[in-house]
Amino acid sequence: MYRYIIIDDEVLTREGTKKKIGTLDGKVTCIGEASNGLEGLKLLDELNPDIIITDMYMPVLDGSTFLVRAREKYPDTPIIVISGYKDFEYARQSISSNVLNYILKPFSKEDIINAMEEAIKNIENSRKTTEQINDMRKEKEYIQYDYDLQMLKSLILGYQANDAKLSSEKIRFLLDNHNFILFTITSNTPLDEIYLSNYAKENGYGDLGLYLNHLHDKNIGFYILCFPDKSPLQLSNTIHQISTQFIGRLSESGHNIAIGISTLTNDILQLHQAYKETIDALNSSKITDSNMYYIFNKDINKLQTVLWSGVDELYFRVESGESDKVLDLLNDLYSYCLNKNDLTLYDIKYYFSELIQNLKGILNNYFGSDLKTNSSSLQNIFNSIFSFEDLKSYMLQFLLNITNNMKGNNVYNIDDVIEKIKIYVQRNYSNNLSLDFIASLFYMNRSYISYLFKEKTGEKFIDYVTHTRIEKAKQLLENSDKKMYQIAKISGYDNVKYFFRIFKKEVGLSPEQYRIKYQSGHKGY
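Letter by letter, the sequence shown follows residues 870 to 1394 in this note's numbering.
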């Protein structure tokens, strides 16, 4: 229903006007009357009517002045002027004040009803136009908001490095003139972006930041906490409260949650650096941790060495295509990691990445392509894995794929076990080559393998290893400028003095003497 007021100094005119208008089939109602322009202005401020009906000639404040003042404050409200004067000045003022209709007294019922219906139509058209404009603005804001969300996700992941300009009013309001902290939330099951965005709003965090899902990984999400310089909130308390509430809500529905938290930054272009900090924070978790959050600091993730005794056998079993043994060794490695309570996810990721790179080096010997160049893609994979179980699954799949590809396609695919041993020594002279270890690789008795090796080659196994190592050392002395301790290490000797003694015994010269003599042009050793 549309509401109108009447401003006229004659009571009978006001009453007659109301009677002629009636309710227009329930469309209109009179909500107030005034006897002069000054009272009319007060009525406007108090009631804010949809339509104004006013006389022109009134005491205290006449219609001309009323129109000017009314239009200043209420430029879009339809005004119908009723007047007993054909005065040109009144008509001119009505036109300049954008009056909807000018009716001369006496007027008929039809005149005032037509004027009211025109006013109603004017209001409806205006509202429709306003709604269309608002809808267009909302649509534009929605498009800009969605674009900005995608841009923020790209910034976090490092896909967009510069020229990041926010266009959404909502996001600009959140991020302008604020510091930021990034939360990277990881789960063992997919995270629901809409649910978590609404949860943040319901708990009062919607005004403090934004929740975003990862562009590609449904098990990872981000919360950007916007923190004003002069906030009454304690930063550490806020971080704790937000983290524990996210973990509490998600763990109730079966999620196993870990949250990495960055340091404070004031530039959205630093979001990728903040993301790296959250990765480091998450990597500081222990294997058995569950539903915890981790805050980045520069001293976290000091690497601890993993000393698993089965590594050399693992390389051999993969290369020789023994998938069952590879699976057994992986299980042994997992047990080792679980029993080392001080190992972090970072330590294990680093160790696993070394395993993978070394295995790629072995593959490179077969297929002739530099597979080590894929280290960045490996890093990206590890940056999306934040649980020991997921790491296990990835390593199992990776190693079994390589192992199955090596079956029947490797240097050990021959029947002569002594030749296999010689090949292994030639390819692994830097490693531990005890007879016990070699016997275990080839499923043989230590004593029998010692006898068989001497029988087939004419020399003891240990002598064959020594000769192989010294030959490799001679090649390094001839063709490189490596230091003596480096050559000793590469040749399989941890003790440099012992290396010197063995080398001189085998060659008749010390390593330095051999290098000098060789470089002087005297070969033949």
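Note that the Cβ used here is the ideal one computed from N, Cα and C, for glycine as well.
Assignment of beta-bridge partners to Ser952 by DSSP yields Leu973. Leu916 is not a Cβ neighbour of Ile890, given a cutoff of 7 angstroms. Shown here, Phe1049 sits in a strand according to DSSP, grouped into three states. Under DSSP, Thr898 takes part in a beta bridge, and its partners are Arg872. Within the same chain, Cβ atoms closer than 8 angstroms to the Cβ of Asn1135 are found at His1047, Asn1048 and Phe1049, the five residues on either side in sequence being excluded. Taking all protein chains shown into account, Leu1207 has fewer than 16 neighbouring C-beta atoms within 10 Å of its C-beta and is therefore exposed.
The Cβ atoms of Pro918 and Tyr873 lie closer than 7 angstroms to each other.
Residue environment: Ser952 is assigned as buried (16 or more neighbouring CB atoms within 10 Å of its CB, all protein chains considered). About 6 angstroms separates the beta carbon of Leu1172 from that of Asp1216, a gap short enough to meet the 8 angstroms contact definition. Scanning the segment 992–1079 from its first residue to its last, the whole beta strand (DSSP E) runs of 3-plus residues come out as 1048–1056. A straight-line Cα-Cα distance of about 33 angstroms links Tyr1080 and Asp1211. Taking the CA atoms as reference points, Gln1382 sits about 23 angstroms from Asp1332. CA-CA distance, Leu1304 to Phe1267, rounds to 30 angstroms.
Around the C-beta of Lys1218, 16 or more other C-beta atoms lie within 10 Å, and the residue is accordingly described as buried. Using a Cβ-Cβ distance cut-off of 8 angstroms, the segment 1074–1093 and the segment 1015–1035 are in contact, since at least three pairs of beta carbons, one from each stretch, lie closer than that value. The continuous stretches of beta strand (DSSP E) do not include Phe935, which lies in the alpha helix (DSSP H) extending over residues Gly932 to Lys942. Between the alpha carbons of Lys1229 and Asp1004 lies a gap of roughly 57 angstroms. In the DSSP annotation of this structure, the continuous segment of the beta strand (DSSP E) that includes Gly1090 starts and ends at Ile1089 to Phe1096.
For Tyr1205, same chain residues with a beta-carbon under 6 angstroms away, outside a window of 5 residues either side, are Trp1177 in chain order. The beta-carbon distance between Leu1214 and Met1264, rounded to whole angstroms, is 13 angstroms. This is too long to meet the 8 angstroms contact definition. By the 16-neighbour rule on beta-carbons within 10 angstroms, Leu1138 is exposed. Each of His1336, Lys1034, Lys1329 and Asp894 was checked against the Cα of Tyr871, and the nearest Cα belongs to Asp894. If the five residues before and after Thr1055 are omitted, its C-beta is found closer than 6 angstroms to the C-beta atoms of Ile1089, Ala1127 and Phe1255, all from its own chain and listed in chain order.
The Cβ atoms of Ser1153 and Asn1125 do not sit closer than 7 angstroms to each other. Within the DSSP bridge table, the entry for Ile921 names Ile874 and Ile948 as partners. Excluding sequence positions up to five before and after Glu1146, its CB lies within less than 7 angstroms of the CB of Ser1131, Thr1132 and Phe1165, all in the same chain and listed in chain order.
In the DSSP assignment, Ile1371 falls within the unbroken alpha helix (DSSP H) covering Val1365 to Val1376. Runs of the alpha helix (DSSP H) lying entirely within the segment 1206–1289 and spanning at least 4 residues, in chain order: 1214–1236, 1244–1251 and 1257–1275. Restricting attention to Glu1188, Val968 and His1336, the CA atom closest to the CA of Leu1232 is found in Glu1188.
Look at Met1313 here: in three-state DSSP terms it is coil, with no helix or strand label.
For Gly1129, the enclosing beta strand (DSSP E) has its first and last residue at Ile1126 to Ile1130. Straight across, the Cα-Cα distance linking Met1353 with Asp1149 is about 37 angstroms. Linking Ala984 to Ile922 through their CA atoms gives a straight-line distance of about 10 angstroms. If you draw a 10 Å sphere on the C-beta of Gly1073, you find fewer than 16 other C-beta atoms in it, and that means exposed.
Distance from the CA atom of Asn1274 to the CA atom of Phe1236, rounded to whole angstroms, is 11 angstroms. In terms of Cβ geometry, Ser1036 and Gln1013 form a close pair [threshold 7 angstroms].
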